[in-house]
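Quick notes on the structure that follows.
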Amino acid sequence: MDGNRLRFGLYVGEGSSHSWTWFVDLLERYRCRRVRFLDENDFCSQAPEQDVLLVSGGDTFAVARALKPAGAEALRSFLDRGGLYIGSCAGAYLPLHSSKEALCDFNFVKSRIQNLTRDLPPVERLPEKYAHRYGCTYVYHPAREEVRVRMAQGFPVWGGREIRVPLYGGPPLEDSGDIRPQAFYTGFTDRTVFLTGPEIAERVYLGRVAACEKSFGRGRMVLLGPHFEHPWFPEGNDVIHQWMRTHACVRREGQDPAAASPEAGRPPEGEPGGAWIQALKTEVSNMRIRAAALVRVSVFWRIGAKTYEPEKIETFLDAVWKRLRGVPPGARLVAARDETEGLLERAGDCHRQIRLLAEDIREGRDSGPRAEVLFPALKQFAVAFLAFYFRQAVPQPVSGPGGNYGGGGA
Amino acid sequence: MELENIYSGKILLVDLDEGSCDEEELDEDLIGEAIGGAAVNLALYRKHRDRDPVILGCGPLTGTFAPSGCAGVVTGKSPVTGRVCHVPLVLQTAVEMKYSGFDFVVILGASETPVRLWLHDELAEIAGADGLWGRDVWASTDWLRHEHGDDSVQALVIGPAGENGSPLAQLSEGYWGSRDIFGLGALLGAKKLKAVAMRGMGGLEVADGFFQEAVRVQREIRKGDFFQGKGMGPILSALGADGALVDTLSKRAHRSLASHNGAYAPYTFLMIDEAPDVWVESKKDEPGLLLTDPAGVLSLQGLGEAMPAVLRRIQRLGLEPNACGALLRKREIVDPAAAEAAIQELARGIGDLASAGVESVYSTAPWPLTRSEEERLVQAAGVFSHAVPPRPVGGSHADFAAPEDGTGRARWWLERMAACSILGLCPLSALLSPVFSPAEMARWASLAAGWEELDEEKLLGTCRRMISETLELGEPSGSVPDGWLSPDGESFLRELQQG
Chain A
0 MDGNRLRFGL
10 YVGEGSSHSW
20 TWFVDLLERY
30 RCRRVRFLDE
40 NDFCSQAPEQ
50 DVLLVSGGDT
60 FAVARALKPA
70 GAEALRSFLD
80 RGGLYIGSCA
90 GAYLPLHSSK
100 EALCDFNFVK
110 SRIQNLTRDL
120 PPVERLPEKY
130 AHRYGCTYVY
140 HPAREEVRVR
150 MAQGFPVWGG
160 REIRVPLYGG
170 PPLEDSGDIR
180 PQAFYTGFTD
190 RTVFLTGPEI
200 AERVYLGRVA
210 ACEKSFGRGR
220 MVLLGPHFEH
230 PWFPEGNDVI
240 HQWMRTHACV
250 RREGQDPAAA
260 SPEAGRPPEG
270 EPGGAWIQAL
280 KTEVSNMRIR
290 AAALVRVSVF
300 WRIGAKTYEP
310 EKIETFLDAV
320 WKRLRGVPPG
330 ARLVAARDET
340 EGLLERAGDC
350 HRQIRLLAED
360 IREGRDSGPR
370 AEVLFPALKQ
380 FAVAFLAFYF
390 RQAVPQPVSG
400 PGGNYGGGGA
Chain B
0 MELENIYSGK
10 ILLVDLDEGS
20 CDEEELDEDL
30 IGEAIGGAAV
40 NLALYRKHRD
50 RDPVILGCGP
60 LTGTFAPSGC
70 AGVVTGKSPV
80 TGRVCHVPLV
90 LQTAVEMKYS
100 GFDFVVILGA
110 SETPVRLWLH
120 DELAEIAGAD
130 GLWGRDVWAS
140 TDWLRHEHGD
150 DSVQALVIGP
160 AGENGSPLAQ
170 LSEGYWGSRD
180 IFGLGALLGA
190 KKLKAVAMRG
200 MGGLEVADGF
210 FQEAVRVQRE
220 IRKGDFFQGK
230 GMGPILSALG
240 ADGALVDTLS
250 KRAHRSLASH
260 NGAYAPYTFL
270 MIDEAPDVWV
280 ESKKDEPGLL
290 LTDPAGVLSL
300 QGLGEAMPAV
310 LRRIQRLGLE
320 PNACGALLRK
330 REIVDPAAAE
340 AAIQELARGI
350 GDLASAGVES
360 VYSTAPWPLT
370 RSEEERLVQA
380 AGVFSHAVPP
390 RPVGGSHADF
400 AAPEDGTGRA
410 RWWLERMAAC
420 SILGLCPLSA
430 LLSPVFSPAE
440 MARWASLAAG
450 WEELDEEKLL
460 GTCRRMISET
470 LELGEPSGSV
480 PDGWLSPDGE
490 SFLRELQQG
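Residue numbers (numbering that gives the first Met the number 0), protein chains in the order written: chain A, 0 to 409; chain B, 0 to 498.
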């Protein structure tokens with residue numbers, strides 16, 4: 000797979016939560032440089048030009064509402080041109096057939112989810128992550144965190160092998176005739192968290208489809224229930240890598256995946272970083288410290304259909320920090336005009352919001368309104384920084400395979 | 000040697016004259032020569048001595064899994080003694096400093112206006128401290144934690160005593176004082192440096208097998224063959240404190256605390272404003288105080304039931320409690336109100352110690368239970384703080400394989416303090432268990448660092464060299480009183496200086 004030439008579009012618009020940052024780690028690990036961060040408007044206009052579209056976790060309804068029929072059309076056009084769509088969690092729910100408003104525009108794949116019920120079993124833990132309404136039924140999640148899946152025979156490298164991947168609300172699917180199953184849920188581990196009785200989780204997941212694909216002419220959709228892209232699960236990452244590698248080979252038979260420019264592979268020239276890099280580091284580091292303190296507070300916020308905890312503040316900041324910390328003050332950096340000021344301004348605004356959020360909590364005030372301002376601001380800051388970052392000289396992977404398991408659910 | 004297992008890899012240079020910070024990579028050759036902690040501090044002191052440096056340093060075991068690997072050291076020229084001294088940091092500040100990305104911080108010159116230093120994520124900022132100047136130690140620590148948004152922020156702080164240049168000013172680790180008996184609080188005050196705050200978000204690599212061995216050694220220590228008990232009470236009893244004092248403390252003891260990876264929990268939180276047996280979260284911010292300094296407690300015991308409240312006031316003002324106790328005894332003050340007033344006056348400044356009537360033997364006050372020749376000798380050396388008891392606590396000298404003669408025992412103590420200050424181990428723990436021998440301590444450091452050449456011989460050689468080089472520096476003011484030492488003792492001191 001030539002990561003330098005493939006064009007990746009990563010959805011970061013309305014409805015996306017924080018798990019898209021895991022795709023960033025994966026792309027960097029496999030040295031994929033050409034990454035565009037697409038909000039809902041960018042998606043409509045730029046999706047068809049990409050080679051690979053990545054949609055991770057979040058609020059599926061919110062994503063569908065934001066993308067609108069135009070987004071579905073852009074996705075269709077993308078597939079017609081031979082693109083590879085990889086959707087995990089909410090990105091897997093999105094193209095499944097549904098009669099519900101907004102979702103019904105994205106009816107690409109006929110396969111029923113198996114975690115739907117009219118009679119919700121009693122919840123035993125994490126009620127805020129257990130279920131949400133879907134018309135007159137519920138989509139519910141009897142288990143989360145680490146699960147075991149077995150890859151289908153014939154899958155490159157991993158065929159027939161069992162791997163561990165994290166599940167944070169993604170779907171178990173029926174093995175319908177419309178999909179090609181590529182992985183099945185086979186079991187749980189001692190790190191699995193059961194939100195209701197384990198026997199219910201077994202009934203809902205075991206033997207169901209955890210990952211599948213469907214062809215659309217030269218295009219292909221890959222739907223992942225668990226987050227194979229999570230940075231602490233290198234086996235899952237490599238499964239995704241195999242899909243990308245296989246697709247790139249396929250696309251070369253059809254058409255050239257990227258109009259290779261003379262500059263492809265040569266890092267752009269840049270200006271010395273200067274004091275603004277140190278100022279940005281200072282701002283982000285100070286935010287990290289405040290965020291670490293908030294993690295010790297028992298608080299969460301419901302924003303749309305998603306639950307956010309203070310750990311998610313850290314996720315956004317870490318996505319920036321682990322790349323920012325190693326930039327030496329004199330590094331030559333490519334930055335659009337006013338971009339550096341914009342980054343500092345965004346960072347300053349996020350810092351102010353975190354400080355105010357902490358004050359709300361300390362004073363016993365409702366911190367929900369502040370959280371609703373903070374999380375979008377953090378996402379926008381992370382996107383702006385990562386877009387800047389991927390424009391620099393070839394990024395060095397900051398998250399190699401392995402690492403310590405520690406959760407981090409959507 | 001695997002430097003990344005034991006150090007973050009940076010030396011910070013803080014120029015208060017210029018208001019700027021710079022950094023140097025930690026040189027492996029420097030570590031190979033001096034190992035760490037006080038010995039590296041001393042090398043840095045000599046390099047920058049024209050700028051009257053104060054150096055904060057970590058050892059290779061600071062912040063690791065080594066038993067009691069909590070310690071750092073502050074090195075500077077004492078305004079009280081005129082000599083270079085090494086003061087241990089034994090609470091959380093050294094660990095936090097190393098994890099903030101700086102193993103050594105060299106503070107040079109002086110600022111014209113009050114400033115504070117903030118260390119985090121390999122970043123250092125000098126900021127104004129006008130709003131902090133004049134606040135007591137506790138209020139300053141609270142302010143810093145609020146400012147940076149995290150109660151885990153650690154700080155070295157001075158109080159009004161340090162700002163006023165009182166020779167009894169003590170550098171404080173957060174709320175709870177320190178082992179500073181050399182007036183380093185006043186040294187920072189003269190530099191207009193109100194506080195060094197730090198928050199460590201980094202970490203260290205761990206050598207293969209080190210964690211398992213550290214756990215094994217901890218279990219061996221905690222079997223308690225030599226010292227059992229938690230909190231300050233058993234330590235005071237072992238030192239020979241009056242039973243009534245220990246009883247007073249035990250009635251108010253709320254809980255015991257240990258430092259980072261402590262082999263023992265030697266500190267006691269004492270309730271003053273609330274009953275100690277009420278297990279409901281207090282509505283007061285700090286309804287008591289943490290006892291960390293046995294010398295201070297012993298020195299103030301004449302105040303009886305009022306001792307904790309007076310000690311809390313001393314901590315808030317940033318004063319050295321042992322010297323405060325000595326002065327109160329000299330003035331025959333036992334009434335709590337009178338003691339409070341006297342303490343406030345001490346924080347405003349007292350001129351020099353001699354005119355205040357404090358018997359000063361190269362420190363702010365002698366160890367309050369001074370008896371033996373070796374206890375006098377270690378005070379007369381004035382290199383390390385005798386706020387760390389100048390004798391074994393968890394047993395006899397024989398239990399620790401210390402010599403039988405006074406000079407031999409003094410050397411034993413000095414070398415143990417040197418080893419702890421070089422490696423980053425709690426010096427009190429080294430007096431509670433003979434497991435903390437130089438051979439064992441060197442072995443732990445060797446294992447942590449993957450450094451085969453680091454053994455007892457190298458460690459002790461570095462210790463002895465450091466002690467003699469420290470004694471060479473500075474222009475001592477004050478002297479050992481006539482008759483304080485025997486002729487053998489005086490000969491020993493000369494021998495120490497010559498290495």
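Note that beta-carbon positions come from the ideal geometry of N, C-alpha and C, so glycine has one too.
All values derive from a computational prediction rather than experimental measurement.
Listed by chain order, chain A residues near residue i by CB distance under 8 Å
i: B:M200; result: S284, R287, I288, A291
Interface partners of residue i on chain B, CB under 8 Å
i: A:R354; result: G148
i: A:R324; result: D120, E121
Status (buried if at least 16 other CB within 10 Å, exposed otherwise) for residue i
i: A:K482; result: Here chain A has residues from 0 to 409 only, and residue 482 of chain A is not among them.
i: B:F210; result: exposed
i: B:W366; result: buried
i: B:E304; result: exposed
i: B:D135; result: buried
i: B:C323; result: buried
i: A:N106; result: exposed
i: A:C413; result: The structure shown does not extend to residue 413 of chain A, since chain A spans only 0 to 409, so no value can be given for it.
i: A:C135; result: exposed
i: A:P256; result: Confidence at A:P256 is low in this model, with a pLDDT of 42, below 50, so its placement is unreliable and no value can be given for it.
i: B:M416; result: buried
i: B:E95; result: buried
i: A:Q152; result: exposed
i: A:H17; result: buried
i: A:C103; result: exposed
Contacts that residue i makes with chain A (C-beta to C-beta distance below 9 Å)
i: B:E124; result: T281
i: B:S151; result: I288, A291, A292, R295
Neighbouring residues, chain B, relative to residue i (Cβ below 7 Å)
i: A:A357; result: G148
Nearest-angstrom Cβ-Cβ length linking residue i and residue j, presumed shorter than 8 Å
i: B:G36; j: B:C57; result: 7 Å
i: A:P225; j: A:G176; result: The pair is not a contact, with the Cβ atoms about 23 Å apart (cut-off 8 Å).
i: B:A346; j: B:S165; result: 6 Å
i: A:E228; j: A:S87; result: 6 Å
i: A:V108; j: A:I178; result: 6 Å
i: A:W157; j: A:V238; result: 6 Å
i: A:V298; j: A:S366; result: 7 Å
According to DSSP, residues forming a beta bridge with residue i
i: B:E172; result: B:L155
i: A:H140; result: DSSP output for A:H140 lists no bridge partner at all.
i: A:V203; result: For A:V203, which the question treats as bridged, DSSP gives no partner whatsoever.
i: A:K213; result: A:M220
i: B:Y44; result: For B:Y44, which the question treats as bridged, DSSP gives no partner whatsoever.
i: A:Y84; result: A:L52, A:M220
i: A:I302; result: A:K305
i: A:W410; result: As displayed, chain A neither begins before 0 nor continues past 409, which places residue 410 of chain A out of reach and without an answer.
i: A:P368; result: DSSP lists no partner for A:P368.
i: B:S255; result: B:T267
i: A:Y10; result: A:L37
Distance cut-off 7 Å: residue i Cβ against heavy atoms of the ligand SAM
i: A:W242; result: Absent from the structure shown: the ligand SAM. Ligands present: none.
**Asked** Counting Cβ pairs closer than 8 Å, one from the region 56-68 of chain A and one from the region 180-193 of chain A, do we hit at least three?
**Response** no
**Item:** Given 8 Å, three or more beta-carbon pairs between the region 370-378 of chain A and the region 169-180 of chain B
**Value:** no
**Message:** Three or more C-beta pairs under 8 Å: does that hold for the region 179-191 of chain B against the region 352-365 of chain B?
**Reply:** yes
**Prompt:** Is it true that the region 185-197 of chain B meets the region 51-67 of chain B, where meeting means three or more beta-carbon pairs spaced less than 8 Å apart?
**Reply:** yes
**Asked** Is it a yes or a no for the region 287-294 of chain A touching the region 143-152 of chain B, going by three-plus beta-carbon pairs under 8 Å?
**Response** yes
**Prompt:** For the region 295-308 of chain A against the region 124-140 of chain B, are there 3 or more C-beta pairs whose distance is under 8 Å?
**Reply:** no
**Message:** Pairs of beta-carbons, one from the region 122-129 of chain B and one from the region 78-97 of chain B, closer than 8 Å: are there three or more?
**Reply:** no
**Message:** Using a Cβ distance threshold of 8 Å, determine whether the region 196-205 of chain B contacts the region 214-230 of chain B, with at least three qualifying pairs required.
**Reply:** no
**Message:** Taking 8 Å as the cut-off, does the region 40-48 of chain B touch the region 405-415 of chain B (at least 3 CB pairs, one atom from each stretch)?
**Reply:** no
**Request:** Count the C-beta pairs between the region 25-39 of chain B and the region 418-438 of chain B that are closer than 8 Å, then say yes if the count reaches three, no if not.
**Result:** yes
**Prompt:** Can we say the region 4-18 of chain B touches the region 357-374 of chain A, given the rule of at least three CB pairs closer than 8 Å?
**Reply:** no
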